[in-house]
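In what follows, a structure is listed as structure tokens, so that the remarks can point back to it.
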Amino acid sequence: MNKKFLVILVAAAVLIAAGIFSSIAYANHSWGKYHWARTTNPFNLNLGDNVSAMWDTYLGTTSGDWSLSSVLNTAIVAGQSTENCWPTKGRVEVCNNAYGDNGWLGLAQIWVRGSHIIQGVAKMNDTYFNIAPYNTAAWRQFVMCQEVGHTFGLDHQDEIFDNPNLGTCMDYTNDPSGTINEWLSNEHPNQHDYDQLVTIYTHLDGGSKGRGNSANGKPATVGQNIDLNDSSAWGEAMRKDSRGNNSLYERDLGNDERLFTFVIWAN
0 MNKKFLVILV AAAVLIAAGI FSSIAYANHS WGKYHWARTT NPFNLNLGDN
50 VSAMWDTYLG TTSGDWSLSS VLNTAIVAGQ STENCWPTKG RVEVCNNAYG
100 DNGWLGLAQI WVRGSHIIQG VAKMNDTYFN IAPYNTAAWR QFVMCQEVGH
150 TFGLDHQDEI FDNPNLGTCM DYTNDPSGTI NEWLSNEHPN QHDYDQLVTI
200 YTHLDGGSKG RGNSANGKPA TVGQNIDLND SSAWGEAMRK DSRGNNSLYE
250 RDLGNDERLF TFVIWAN
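Under numbering that gives the first Met the number 0, the first residue of the sequence shown is numbered 0, with each subsequent residue one higher.
Right, here's the structure in full:
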């Protein structure tokens, strides 16, 4: 075998391997097995608008983007939450506030019973969005899109901040607009996100309550005197991001119900 042919074979093998690993990265980015129970597709999910006027455009764009899915329609409705962004059963409350210099830029929380999502919240921390580098339209759109996306049961497509953008808000990045590094924009979902939603929601099940309801049908939760904006209330850290920060937490609420918190930290 001559040297030139050997080099070609090695190069081909590298490209094939890269393709395999890339497809694995894309193939499944669901948040465990968690999903909203429903009896039809597409199903309708309300997003409670608890955001200020500055954030309304980003919430509207996010709702429109995710509603392009063939299995999901979102509608923006009047918010029912307080400044602490307490959840409402059967919907997602979306909030912004100056939650303090606590390290997190945005977070998503879902309450689950068995494998079914009961309620969710998505929060944007203006303490950081009011200062550089996060006080830009690209950063606000990226984080809003990602945190709302988590409440549907989606995980990240890639979790290394320095990797080139994949063109999806479900991808960690240091450059959401892609203008600094000449990358793709990470401000909106991409086709892999829509494909994953189809995978998650292919089957139908028992409606908004789903299986395994507690006796009174109400979600278990922590007391409203507990500050769910503080990591001490999020339970056990389950995963770290590429910077070594805890990015996923789980809190056992009893009766087969749990609270999950996904966090994106400010750098």
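Virtual Cβ for every residue (Gly too), placed ideally from N, Cα, C.
- The beta carbons of residue 101 and residue 124 sit closer together than 9 angstroms.
- In the three-state reduction of the DSSP assignment, residue 250 falls in the strand class.
- Between residue 177 and residue 99, the alpha-carbon positions lie close to 28 angstroms from each other.
- Taking 9 angstroms as the cut-off, the Cβ atoms of residue 78 and residue 94 count as close.
- Here residue 149 is buried: its Cβ has 16 or more other Cβ atoms, across all protein chains shown, within 10 Å.
- With a cutoff of 9 angstroms on beta-carbon distance, residue 163 and residue 180 are scored as near each other.
- Assignment of beta-bridge partners to residue 238 by DSSP yields 247.
- In this model, residue 37 and residue 115 are separated by some 10 angstroms (Cα to Cα).
- Residue 115 has 34 and 112 as its beta-bridge partners, per DSSP.
- The beta-carbon distance between residue 144 and residue 194, rounded to whole angstroms, is 17 angstroms. This is too long to meet the 8 angstroms contact definition.
- Comparing alpha carbon positions, the residue from 264, 90 and 228 closest to residue 239 is 264.
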